[in-house]
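If you read the protein sequences in the order shown, they are chains A and B. Just so we're aligned, residue 48 is where the first sequence starts under this note's numbering, counting upward by one. Just so we're aligned, residue 48 is where the second sequence starts under this note's numbering, counting upward by one. Glycine included, every Cβ here is placed at the ideal spot set by N, Cα and C. Here the structure is a predicted model, which is why all the values come from computation and not from measurement. Worksheet: the structure to be examined is printed underneath.
Number of protein chains: 2
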Amino acid sequence: MARVLDSVRRLLVGRPYDTERLNRRPLGRFTALPVFSANAWSSIAYAPDEILLTLALGGTAALSLGPEIGVAVVAVMLLIVMSYRVSVRAYPEGGDYAISRANLGPWAGVTVGAAMMLDLVFTVAVSVAAMARYLAAVWPTLEGAETAVASAGVVLLAMASIRGAGRGRRAPALLALALLILLFGMIATGLVQDALGTLAPAASAAVEPVPDPAFAEGLGPLAMAVLVLRAFSSGSALATGVEVPASNVATMARPRIRTARSVMLAMGLIAAASTLGVMYLADRTSVVFVLDPASLQAEGGGPVPADYVQNPVLAQLANAILGTGSLLSGALILLVVVLLVMAGHSAFKSFPELASRLAGDGYLPRQLLTRGDRLGYTNGVVLLTLAALALVWAFQAQTALLVQLYVIGVFLSFTVSQLGMVRHWSRKLAQTPGTRGRQAVRTRRLVNLVGFVVAALVALVVLVTRFGQGAWVALLAIAAMVFVMSRIRNHYDAVASELDLTPTEDARALPSRVHAVVLVMSVQRPTLRAVAYARASRPSSLEAVVVDLDKESTQGLLTAWDRLDLPVPVTVLASPFREMSEPLIRHLRAQRRTSPRDLVVVYIPEYVVAHGWQRLLHNRTTQRLKDRLHREPGVMVASVPWRLSGVRGVTHRLPESPRGQTETGPDQ
Amino acid sequence: MARVLDSVRRLLVGRPYDTERLNRRPLGRFTALPVFSANAWSSIAYAPDEILLTLALGGTAALSLGPEIGVAVVAVMLLIVMSYRVSVRAYPEGGDYAISRANLGPWAGVTVGAAMMLDLVFTVAVSVAAMARYLAAVWPTLEGAETAVASAGVVLLAMASIRGAGRGRRAPALLALALLILLFGMIATGLVQDALGTLAPAASAAVEPVPDPAFAEGLGPLAMAVLVLRAFSSGSALATGVEVPASNVATMARPRIRTARSVMLAMGLIAAASTLGVMYLADRTSVVFVLDPASLQAEGGGPVPADYVQNPVLAQLANAILGTGSLLSGALILLVVVLLVMAGHSAFKSFPELASRLAGDGYLPRQLLTRGDRLGYTNGVVLLTLAALALVWAFQAQTALLVQLYVIGVFLSFTVSQLGMVRHWSRKLAQTPGTRGRQAVRTRRLVNLVGFVVAALVALVVLVTRFGQGAWVALLAIAAMVFVMSRIRNHYDAVASELDLTPTEDARALPSRVHAVVLVMSVQRPTLRAVAYARASRPSSLEAVVVDLDKESTQGLLTAWDRLDLPVPVTVLASPFREMSEPLIRHLRAQRRTSPRDLVVVYIPEYVVAHGWQRLLHNRTTQRLKDRLHREPGVMVASVPWRLSGVRGVTHRLPESPRGQTETGPDQ
């Protein structure tokens with residue numbers, strides 16, 4: 048059974064990697080840009096949709112505000128990118144968690160850690176959900192199966208991560224380049240067509256949204272403001288992922304900080320240009336996008352054609368400009384899917400690293416700290432997979448609903464980390480002597496201050512306009528994570544203070560005497576082995592103990608024991624409730640009461656079976672008994688294994704040691 | 048956590064019972080009759096329905112055959128009862144399993160054991176399913192929730208069994224008496240009304256079944272024969288449960304066999320009279336009962352009224368004779384529910400006893416052998432509960448479908464056990480000298496032979512007419528159980544022959560030397576305790592072992608270790624794949640290769656946490672490591688526990704020993 052599981056594991060995961068493999072060549076600008084920008088760029092696949100579907104609540108007229116809101120969210124995104132370009136100067140090795148922890152203390156750190164973990168879960172969920180929608184735009188048969196497609200995406204990403212796949216550099220760079228060429232080619236073509244007047248309307252130009260009753264009676268100034276702010280907060284999803292290059296400076300080519308800064312600048316400008324282009328063209332081609340296609344009507348009223356399918360904005364634009372179903376349009380959409388997969392993959396890399404870092408600081412279970420066979424943090428990947436699947440299922444892979452919860456966590460960690468940077472520069476200022484140096488620090492502080500104010504404002508807008516629509520859930524989730532993480536840290540702290548050696552401790556102290564107790568459940572070979580092992584350890588005293596579960600069998604046991612004529616006295620313990628551990632513990636306690644500084648070793652014969660199913664056939668009393676005995680002070684349990692024959696032939700195969708060396712003994 | 052679970056358990060299960068409680072006063076006739084007849088009598092709640100719904104396939108005309116088929120199944124039932132009355136003369140202590148095993152060998156025994164276990168599962172499932180239907184007849188709001196009601200019934204029966212409840216004698220007897228009075232009162236009233244011509248038609252008299260296409264074109268002689276045989280095989284469900292008193296002779300008052308025989312006679316006659324009465328009155332009141340109420344039509348064709356509800360036959364009769372919704376009719380129906388609950392309860396008593404017996408013979412896991420806190424066989428109850436719930440869910444609590452699978456197993460065990468009895472009497476005959484004695488044995492053999500022939504014929508009829516409708520599933524299930532049980536027996540046999548001492552074995556042989564290895568994962572107090580314990584056992588050699596999972600922390604470990612200045616050398620094992628057990632096992636094997644007769648004891652420090660959730664926070668590497676080490680020959684694992692502080696204050700409370708004595712030491 049174990050060997051079957053092991054083979055399955057090898058098949059899925061592959062052969063383990065040596066620790067040496069971790070040291071890799073650093074990434075140059077050309078490769079770092081696409082690898083670390085995938086997360087930020089992928090927002091173009093859903094941020095425009097979010098803006099338009101919110102505006103659609105106000106009817107066709109409100110839709111024309113799209114480009115203006117696009118400008119606003121691009122401005123926010125660029126300001127935050129600028130702010131991070133300053134942050135990396137001070138913290139090339141760490142991301143928002145490290146910055147917040149260092150400058151604002153552990154509580155800020157753990158809050159940002161929680162928010163970032165949540166963000167990364169959302170990154171995966173949103174990416175695969177958007178991926179499912181784009182795939183459905185190419186293959187309409189997938190329409191309606193978005194949840195299944197998205198779930199499959201999560202599982203494939205997880206498997207790729209555990210196998211350590213997707214660590215290539217050239218392929219992502221080339222694919223991203225192809226996408227950028229196609230995307231900007233499409234935008235340029237669209238602009239030319241627009242100038243020539245040959246720009247075709249989008250497929251959705253023939254329909255219009257039924258305005259929401261709340262916004263139906265013309266747009267009053269207040270309703271208008273609410274609508275615009277909501278559209279803005281949805282659109283600010285554009286800024287998600289811009290922090291990724293700042294957390295990966297360590298992997299870039301020297302001079303690292305300069306490489307990172309130029310990567311970030313290029314990333315921001317490309318995202319800005321493409322978003323502006325898409326928003327402008329969506330307006331010019333009269334793209335309509337709504338949350339629920341059932342709320343559409345034909346232009347001027349009347350029902351929508353039965354075969355109308357709502358595609359993502361970018362897919363609609365590609366079809367309108369490059370020709371519906373044309374090769375170029377299909378290629379563009381598939382490259383967007385690739386970009387979304389890259390974004391999800393990058394989250395599958397970041398999340399376990401962050402979790403390992405938090406585990407290293409004692410905020411998460413230690414299991415998240417260690418690398419698996421293929422040098423990935425397997426446990427972290429599993430955790431992320433389960434969380435992302437839960438989100439995909441809970442929200443039925445609906446990008447629009449997911450984004451509403453996504454943005455709040457992102458801007459929360461932006462805000463706290465920028466505040467941390469402001470604090471950092473203020474401290475730095477106090478230590479900087481010269482006027483020129485001080486001026487540089489002041490400028491940096493100003494940039495981060497602007498970043499802080501912008502991020503805080505956006506967070507506030509999102510919180511106010513989206514509170515009822517899910518922002519509270521995200522806040523609650525972050526609070527719950529902070530609570531759990533602080534409890535875990537408390538536990539580890541308490542354990543460490545208990546286990547650490549005190550300077551006065553006598554490391555050489557020994558128990559005064561050792562009493563051996565052999566538990567006899569049958570007079571068979573395993574029991575004799577236990578007695579032999581106990582005798583071999585030459586204890587101060589040795590007794591055999593029989594718990595009287597059943598009069599008849601106990602009598603048979605004693606007779607058989609006497610026949611062996613062993614130099615070991617036997618004690619029978621009464622057990623009126625047919626239970627093993629209580630009479631035994633009672634007996635051990637009575638013994639320890641007379642000499643509390645002694646050690647009692649209980650020898651328990653234990654079967655080791657060949658196949659898992661055989662385990663069901665042997666009483667698991669011994670395991671429960673061992674658990675109980677472990678709770679008794681001064682008692683040690685020695686398991687004397689007896690391998691049942693099925694096993695005996697099988698010696699567990701050990702894999703070859705690749706370095707040829709198996710052990711070194713410096714002290715021997 | 049453990050204490051919370053313990054409290055919950057005490058609340059649900061109650062305080063444990065002393066083994067002494069098992070010895071109870073024997074049951075007299077008046078109390079034994081209702082307790083052991085519940086199973087047989089409860090058939091009246093569904094057997095008539097089964098006959099009628101099968102006949103309904105042939106249309107209204109075929110329904111008039113009901114009374115005749117009733118007579119046939121009653122005759123079969125009485126013959127089998129007579130046969131069992133003879134069986135108990137020879138086997139007062141045991142049921143069909145013991146009879147078959149003793150006379151026809153282990154394979155027959157295990158087959159009957161499997162068939163009986165399956166029967167008992169079906170007894171529970173059919174009883175609770177019928178119960179749900181009767182409850183729905185009183186409270187129509189339960190209509191449609193039969194599966195939920197039946198599942199709740201299973202769970203409540205299981206809880207009652209585990210608590211050891213329902214062991215009262217007077218209450219069941221009085222309730223059964225009340226039922227019999229009401230039932231025969233109803234039958235008598237119905238017969239009088241029939242004679243006077245005032246018998247009201249049943250609620251279902253206004254509808255008629257749409258004949259099945261297979262039987263639609265008039266009933267040819269072949270179709271007729273098939274229909275009658277099918278109805279007969281469904282109706283033979285009446286005979287289920289008649290073997291129960293024969294398996295419980297040991298609990299009856301002396302003279303036991305005579306008590307049992309008269310209980311069985313009374314049981315059979317009461318079941319016969321009530322069945323005949325019900326079948327006759329159902330015919331006279333034109334009761335219609337079909338499998339699927341959608342296949343009904345109003346008399347003469349046309350749709351059935353929308354509010355028509357199909358109640359069980361007995362409920363329809365009670366309403367027709369005692370007045371729809373009258374107090375008496377409601378009381379009768381509720382007492383039928385009580386009877387069904389008693390039948391289920393009796394199966395919950397029989398199944399674990401049978402399972403314990405089979406476990407005692409090595410056919411089932413040993414866990415089924417032992418009694419729980421309240422002297423019931425808890426594991427058997429759990430097994431039965433799960434199996435019965437599975438049936439209830441799989442068949443959506445539809446009695447009619449369940450009964451089709453039920454009957455085959457019942458008659459299979461009847462047949463084999465009666466054949467065993469025939470064999471028994473033949474052997475007995477060979478040993479009996481006198482003519483009168485021989486004549487008595489011959490008569491008994493004849494009765495059992497008749498029983499065998501009848502049971503075999505019915506089994507054949509059921510198998511042929513119901514093969515496609517589920518009998519094959521039941522047969523397959525029995526075959527699978529026989530296979531599994533024989534595998535289990537083989538395993539236990541193999542283990543016993545391996546573990547049993549050979550006469551030449553030297554019980555006093557000891558390992559030549561003991562090497563102690565302390566696994567060091569941190570230089571903290573638990574590790575020092577492990578070293579101290581290892582030193583206290585004065586091994587031939589002692590070394591500390593560090594597995595090098597991570598260069599940096601290993602270096603720290605070694606420095607700390609050197610500072611302690613312990614007289615224990617340390618060995619560092621390389622682990623390129625960041626894994627603990629393989630380097631360690633490699634090291635131990637190398638050591639054992641030089642001296643294979645030595646014993647290696649590996650000391651592993653182990654944390655014991657206060658709360659279950661804390662367990663998640665500590666690497667479970669040690670458990671996996673211990674499992675691996677258990678598979679290595681000549682290696683013993685000594686777990687050195689360290690109780691983390693949450694536990695330290697809590698010493699596990701032991702319950703009071705009721706007999707005041709805690710231990711006896713005959714050999715000390």
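- Judged by DSSP secondary structure, B/P688 falls within the beta strand (DSSP E) whose first and last residues are 682-690.
- Between the C-alpha atoms of A/V201 and A/K396 there is a straight-line separation of about 13 Å.
- Within the segment 377-447 of chain A, the runs of alpha helix (DSSP H) at least 4 residues long that lie entirely inside it are, in chain order, 425-441.
- Among the residues of chain B, none has a CB under 7 Å from the CB of A/Y424; the nearest is roughly 11 Å distant.
- The beta-carbon of A/L430 is placed no less than 8 Å from the nearest beta-carbon of chain B.
- Of the residues B/A541, B/G324, B/V682, B/A579, the one whose Cα lies closest to the Cα of B/A235 is B/G324.
- With contacts defined as CB atoms closer than 8 Å, A/A225 and A/L382 qualify as a contacting pair.
- Interface criterion met: the Cβ of B/L663 is under 8 Å from a Cβ in chain A.
- Sorting B/P219, B/D354, B/L182 by C-alpha distance to the C-alpha of B/F77 places B/P219 at the top.
- Taking C-beta separations shorter than 7 Å and ignoring five residues to either side along the sequence, the partners of A/S333 in its chain run P248, A249, A252, following chain order.
- When B/L125, B/L165, B/A119 are compared, the shortest CA-CA separation from B/A527 is found for B/L165.
- In the structure shown, A/M299 falls within a strand segment according to DSSP collapsed to helix, strand and coil.
- Of all residues in the segment 159-171 of chain B, none has a C-beta nearer than 8 Å to a C-beta of chain A.
- Taking C-beta atoms under 8 Å as the contact rule, B/V469 and B/R485 fail to qualify, at a distance of about 16 Å.
- DSSP, reduced to helix, strand and coil, places A/L496 within a helical segment of the structure shown.
- Residue range 113-137 is occupied by the alpha helix (DSSP H) that includes A/E115, with no beta strand (DSSP E) assigned at that position.
- Using a C-beta cut-off of 8 Å, the segment 357-374 of chain A makes no contact with the segment 399-406 of chain A, since fewer than three inter-stretch Cβ pairs fall below that distance.
- Along the segment 397-418 of chain A, going in chain order, the ones with a CB nearer than 7 Å to a CB of chain B are P412, R413, Q414, T417, R418.
- Assignment of beta-bridge partners to B/S588 by DSSP yields B/H562.
- At a beta-carbon threshold of 8 Å, none of the residues of chain A lie near B/I98; the nearest stands roughly 42 Å away.
- Nearest in C-alpha terms to A/W472, of all of A/A103, A/A137, A/E115, is A/A137.
- Secondary-structure assignment with DSSP links B/Y654 through a beta bridge to B/W689.
- At least one CB of chain B lies nearer than 8 Å to the CB of A/A579.
- The alpha-carbon separation between B/R572 and B/P586 amounts to approximately 21 Å.
- DSSP places A/E629 in the helix class (H, G or I) of the three-state scheme.
- Following the DSSP letters along the chain, one finds B/A621 inside the beta strand (DSSP E) bounded by residues 617-621.
- Secondary structure remark: continuous alpha helix (DSSP H) runs of at least 4 residues inside the segment 246-289 of chain B, in chain order: 260-263, 268-282.
- Bridge partners of B/A345 according to DSSP: B/V254.
- For the pair of segments examined, the segment 433-446 of chain B was found not to touch the segment 406-417 of chain B: the number of CB pairs separated by less than 8 Å stays below three.
- For B/E140, no chain A residue has a Cβ inside 9 Å of its Cβ, as the nearest lies near 17 Å away.
- In this structure, the beta-carbon distance from A/P95 to A/M326 falls below 8 Å.
- Taking the CA atoms as reference points, A/Q443 sits about 28 Å from A/A109.
- A distance below 8 Å separates the beta carbons of A/P558 and B/Y580.
- For B/I535, the chain A residues whose C-beta falls within less than 8 Å of its own C-beta are L664, listed in chain order.
- Between B/V615 and the set B/F624, B/L112, B/L646, B/A577, the nearest pair of CA atoms involves B/A577.
- A contact between stretches requires three or more CB pairs, one per stretch, nearer than 8 Å, and the segment 353-362 of chain A fails this requirement with the segment 267-280 of chain A.
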